[in-house]
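A short worksheet on the structure shown next.
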DNA sequence: TCACTTGTTGTCCATTTGTTCAGGAGTCCG
DNA sequence: CGGACTCCTGAACAAATGGACAACAAGTGA
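Protein chains in written order, with my numbering: chain A, 1 to 227; chain B, 228 to 454.
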């Protein structure tokens with residue numbers, strides 16, 4: 001009789017003595033990571049339906065069966081990825097507060113998002129794909145967490161507006177504007193590269209983009225670029 | 228011997244007397260349209276690899292074989308769609324000239340693009356998908372037509388800047404900003420609806436968005452909203 | 001070493017996929 | 001009507017796909 005595989009439980013390193021005799025291996029952790037990275041590429045390029053386990057396995061340099069040992073099926077693999085990505089996302093974005101300086105806060109927000117586009121373009125594309133496809137997996141997340149997130153920020157911005165500290169623009173639309181314009185550098189990378197006739201992005205391209213966005217959007221909100 | 232099908236030739240209605248005895252039917256035209264529309268939905272939702280001919284056929288209410296009679300294979304179907312879309316695209320966007328008023332021109336551009344997002348959300352998503360996937364079919368178009376298009380507009384904007392008629396911002400980045408922020412309303416529809424807790428878009432939502440974008444972006448470029 | 005868990009993989013399978021094809025139905029004009 | 005052309009479609013097929021499984025290898029703590 002074969003043992004039931006541990007079935008894509010969330011990573012649990014340094015979590016001994018939970019009734020288990022052996023700590024679930026470092027091997028597990030390493031391979032899980034390899035596979036998730038491969039999956040990120042494959043899913044970002046082909047979407048959920050278009051991605052194949054075979055391809056992911058090849059990218060990860062493992063046999064298909066082994067991939068299926070770690071993630072018992074395609075669906076779980078896909079959502080495991082988003083767990084990873086959303087966790088990363090949550091870690092980076094700090095809160096804003098009414099007493100913050102609007103110019104500084106917005107500028108930080110924009111720069112952080114551009115930096116995310118630079119460092120994790122695949123995650124960005126993946127997210128974009130998921131949304132375009134109708135967000136079958138993330139609908140709930142959008143409806144709850146993300147809605148709350150936006151509401152919180154928008155409230156603070158509204159406060160700033162009421163206090164006359166920035167121009168009266170719709171805060172929710174402003175968030176969309178920042179999201180879209182910053183993500184664009186990850187999602188539409190190919191288009192931008194072609195139009196600008198470049199082979200690759202460099203750090204300074206992102207800095208330039210961030211400078212541009214900060215300048216235009218802040219001025220658009222009646223703010224001065226912070227020093 | 229069966230006749231070779233006319234093999235997805237471009238529509239040719241009202242084009243008689245080219246050696247053919249019968250004008251290539253109106254049936255052809257009607258079904259072609261039905262199929263292309265179904266394909267637009269399917270490809271926009273699942274990407275190139277994820278879309279299936281079977282699904283397209285079902286959406287169009289035709290047997291698979293019939294779909295393949297009109298478009299001999301998946302690839303041709305896919306590019307036929309883009310021919311359609313790019314043609315539509317080209318028809319709508321008028322040129323800008325140095326003697327135009329920057330505020331009016333930019334404002335028109337933004338509003339036109341928002342209107343496109345409203346009227347042809349599927350086309351927008353399709354395009355986004357194609358780019359995210361690395362633009363395997365559109366690379367050439369991006370490299371040539373689109374590059375030229377951007378260069379032309381950017382030059383005019385630079386002229387405006389040189390003449391002191393708008394703030395000195397990078398024109399190419401400005402175009403990207405307008406593209407991304409306007410497309411967002413089509414591509415990320417689901418996200419926006421969820422965050423705003425709505426079931427559907429209405430015309431006035433787009434108007435609101437367009438007003439917001441015109442206001443912020445124009446001000447960001449040191450321009451006054453045109454009356 | 002032993003007993004047991006975790007990790008690995010080749011093989012198999014039902015289903016789906018893109019595509020071909022042959023034959024037939026429908027349409028149109030003289 | 002007849003014949004030329006257009007349109008339609010069920011059947012067939014090789015390749016690919018998601019997944020199940022059983023046998024085996026490697027690791028681990030006692």
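Cβ atoms here follow ideal geometry from the backbone N, Cα and C, with glycine treated the same way.
Rounded straight-line distance, which links the Cα of residue j to that of residue i
i: residue 430(B); j: residue 401(B); result: 26 Å
i: residue 360(B); j: residue 366(B); result: 11 Å
i: residue 94(A); j: residue 178(A); result: 16 Å
i: residue 22(A); j: residue 35(A); result: Summary for residue 22(A): the model assigns pLDDT 46, below 50, so the residue's position carries little reliability; its value from the coordinates is reported in the next sentence. Cα-Cα distance, rounded: 23 Å.
i: residue 368(B); j: residue 197(A); result: 13 Å
i: residue 428(B); j: residue 172(A); result: 15 Å
i: residue 216(A); j: residue 99(A); result: 23 Å
i: residue 291(B); j: residue 285(B); result: 8 Å
i: residue 324(B); j: residue 52(A); result: 49 Å
i: residue 31(A); j: residue 67(A); result: 9 Å
i: residue 161(A); j: residue 452(B); result: 20 Å
i: residue 16(A); j: residue 116(A); result: Confidence at residue 16(A) is low in this model, with a pLDDT of 29, below 50, so the placement of that residue should be treated as unreliable; the coordinate-derived value is given next. C-alpha separation (whole angstroms): 34 Å.
i: residue 391(B); j: residue 333(B); result: 16 Å
i: residue 253(B); j: residue 208(A); result: 53 Å
i: residue 309(B); j: residue 296(B); result: 19 Å
i: residue 90(A); j: residue 317(B); result: 41 Å
Nearest neighbour of residue i, chosen from the options [CA to CA]
i: residue 136(A); options: 380(B), 417(B), 443(B); result: 417(B)
i: residue 403(B); options: 172(A), 176(A), 182(A), 129(A); result: 182(A)
i: residue 265(B); options: 304(B), 276(B), 255(B); result: 304(B)
i: residue 188(A); options: 161(A), 126(A), 71(A), 227(A); result: 126(A)
i: residue 227(A); options: 171(A), 101(A), 208(A), 159(A); result: 101(A)
i: residue 40(A); options: 129(A), 90(A), 72(A); result: 129(A)
i: residue 300(B); options: 285(B), 281(B), 317(B); result: 281(B)
i: residue 75(A); options: 50(A), 97(A), 96(A); result: 50(A)
i: residue 371(B); options: 59(A), 193(A), 66(A), 27(A); result: 193(A)
i: residue 298(B); options: 255(B), 391(B), 388(B), 389(B); result: 255(B)
Pair within 8 Å by beta-carbon distance, residue i and residue j
i: residue 147(A); j: residue 422(B); result: yes
i: residue 114(A); j: residue 210(A); result: yes
i: residue 439(B); j: residue 169(A); result: yes
i: residue 348(B); j: residue 307(B); result: no
i: residue 220(A); j: residue 446(B); result: yes
i: residue 319(B); j: residue 339(B); result: yes
i: residue 110(A); j: residue 214(A); result: yes
i: residue 118(A); j: residue 206(A); result: yes
i: residue 184(A); j: residue 274(B); result: no
i: residue 56(A); j: residue 33(A); result: no
i: residue 449(B); j: residue 384(B); result: no
i: residue 180(A); j: residue 407(B); result: yes
Partner residues on chain A for residue i, Cβ-Cβ distance less than 7 Å
i: residue 428(B); result: Near residue 428(B) there are no residues of chain A at all, since even the closest Cβ is about 13 Å away, more than 7 Å.
i: residue 447(B); result: 216, 217, 219, 220
i: residue 439(B); result: 169, 170, 173
DSSP-derived helix/strand/coil call for residue i
i: residue 63(A); result: coil
i: residue 392(B); result: coil
i: residue 430(B); result: helix
i: residue 339(B); result: helix
i: residue 185(A); result: helix
i: residue 347(B); result: coil
i: residue 50(A); result: helix
i: residue 223(A); result: coil
i: residue 380(B); result: helix
i: residue 248(B); result: With a pLDDT of only 43 at residue 248(B), under 50, the local geometry of the prediction cannot be trusted, and the value read off the model is given with reservation. Note: residue 248(B) maps to coil in three-state DSSP.
i: residue 94(A); result: coil
i: residue 425(B); result: coil
i: residue 133(A); result: coil
i: residue 306(B); result: helix
i: residue 40(A); result: helix
i: residue 177(A); result: helix
i: residue 15(A); result: Bear in mind that a pLDDT of 28 at residue 15(A), under 50, signals an unreliable position, so the number given afterwards is only what the model happens to contain. Coil.
i: residue 68(A); result: helix
i: residue 99(A); result: coil
i: residue 170(A); result: coil
i: residue 300(B); result: coil
i: residue 440(B); result: helix
i: residue 138(A); result: coil
Residue i: contacting residues in chain B (beta-carbon distance under 9 Å)
i: residue 196(A); result: 374, 377, 399
Under 9 Å by beta carbon: chain A residues contacting residue i
i: residue 277(B); result: 46, 47, 48, 49, 50, 51, 133
Under 8 Å by beta carbon: chain A residues contacting residue i
i: residue 345(B); result: Within chain A, no residue comes near residue 345(B); the closest Cβ sits about 15 Å away, beyond 8 Å.
Chain B contact residues for residue i, given Cβ-Cβ distances below 8 Å
i: residue 180(A); result: 407, 408, 410, 411, 415
i: residue 129(A); result: 274, 356, 359
i: residue 28(A); result: By Cβ distance, chain B contributes nothing, its closest Cβ being about 30 Å from residue 28(A), past 8 Å.
i: residue 139(A); result: 417, 421
Residues that residue i contacts on chain B, provided the C-beta gap is smaller than 7 Å
i: residue 125(A); result: 359
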